[in-house]
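J.: Provided herewith is a single structure, encoded as structure tokens, for subsequent inquiry.
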Amino acid sequence: MRSVAPPALPTPETASIENTPSPPARTPFEGFSIGREPLAMPVEGAKSADLRDSFEEKRGATRRHEALDIPAPRGTPVLAVADGTVEKLFTSKQGGLAIYQFDPSRTVCYYYAHLDRYAEGLQEKQVVRRGDRIGYVGSTGDASEKAPHLHFAIFQLGPEKQWWVGTPVNPYPFLLGNK
Ligand SMILES: [Zn+2]
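Listed below in structure tokens is the structure:
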């Protein structure tokens, strides 16, 4: 007698990835390479040596911060960290006045929040270049009025390219190297 067992099917790697919470991406992923130069500092005059990595910090009972806070006086210019397009100008209770910028490949979204105001004439679908002035530091949303800062986040967009959905990426390593 001879029984032939069917060969075991390979387990798709994605099955385990989907079922276990994965740590946030810390390295460049497909479509998002920092290349030869770091992202531009999103707050004029800020230095990478002054940045504090607050990505993992708790906000409330269950939420993670998943962003970087860069303190600066109210009205300090906020600059585009990379080339791209202003995808959405949005106001929310938490983020206040905010900008969602897509990179040219539309795989990455950069989020700038708590703005005091937008740069003059800034519009959705506007093409911006690395270092362009897009807004001004403020404390709109749930930021303390006494501590104006830029809340800056990066997330990897899903296939739907929805500006409000994505996988958070820690911006900290991508801003190092700025003088
Ligand atoms: Zn923040």
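Residue numbers (this note's numbering): 2 to 180. Beta carbons are placed, not taken as given, at the ideal position from N, Cα and C, and that holds for glycine. Keep in mind it's a predicted model, so treat the numbers as computed, not measured.
1) Would you tell me roughly how many angstroms separate the C-alpha atoms of Gln-163 and Tyr-111, rounded to the nearest one?
2) May I ask whether a heavy atom of ligand 1 can be found less than 7 Å away from the beta carbon of Asp-117?
3) Express the C-alpha separation of Arg-65 and Lys-59 in angstroms, rounding to a whole number.
4) For ligand 1, is there a heavy atom less than 7 Å away from the beta-carbon of Asp-70?
5) Counting pairs of beta carbons, one from the stretch 49-57 and one from the stretch 95-108, are three or more of them closer than 8 Å?
6) How would you call Gly-159, buried or exposed, if buried means at least 16 neighbouring beta carbons within 10 angstroms?
7) Between the stretch 133-147 and the stretch 164-180, can you find at least three pairs of beta-carbon atoms closer than 8 Å?
8) Suppose the cutoff is 6 Å on Cβ atoms and the five residues either side in sequence are ignored; what does the same chain contact list for Tyr-101 look like?
9) Can the beta-carbon of Thr-86 be found less than 8 Å from the beta-carbon of Lys-126?
10) Give the range of the beta strand (DSSP E) segment to which Leu-90 is assigned.
11) At which residues does the beta strand (DSSP E) containing Leu-177 begin and terminate?
12) From the DSSP secondary-structure annotation, give me the bridge partner or partners of Thr-168.
13) Check each candidate in Asp-84, Leu-80, Glu-57, Ile-135 and name the one with the smallest Cα separation from Gly-122.
T.: The answer reads as follows:
1) Numbered from its first residue, the sequence shown carries residue 163 at position 162. Numbered from its first residue, the sequence shown carries residue 111 at position 110. Cα to Cα, Gln-163 sits roughly 13 Å from Tyr-111.
2) Locating residue 117 in the sequence shown gives position 116, where the first residue counts as 1. Because no heavy atom of ligand 1 lies under 7 Å away, the Cβ of Asp-117 does not count as near it: no.
3) By 1-based counting over the sequence shown, the position of residue 59 is 58. By 1-based counting over the sequence shown, the position of residue 65 is 64. Roughly 5 Å separates the two Cα atoms.
4) Locating residue 70 in the sequence shown gives position 69, where the first residue counts as 1. Correct: Asp-70 has its Cβ closer than 7 Å to ligand 1.
5) no
6) What you label residue 159 is simply residue 158 of the sequence shown in a count that begins at 1. The residue is exposed, with fewer than 16 neighbouring Cβ atoms inside 10 Å.
7) no
8) Your numbering for residue 101 matches position 100 in the sequence shown. Around Tyr-101: Glu-88, Lys-89, Cys-110, Tyr-112, Trp-164.
9) On the sequence shown, position 85 is the one that residue 86 refers to. On the sequence shown, position 125 is the one that residue 126 refers to. For Thr-86 and Lys-126, yes; Cβs fall inside 8 Å.
10) The residue labelled residue 90 in the question sits at position 89 within the sequence shown. From DSSP, the beta strand (DSSP E) with Leu-90 extends over 85-93.
11) Locating residue 177 in the sequence shown gives position 176, where the first residue counts as 1. From DSSP, Leu-177 is part of no beta strand (DSSP E); its letter is neither H nor E.
12) Taking the first residue of the sequence shown as position 1, residue 168 is located at position 167. Thr-168 is bridged to Gln-157.
13) If you number the sequence shown from 1, residue 122 lands on position 121. The candidate whose alpha carbon is nearest that of Gly-122 is Ile-135.
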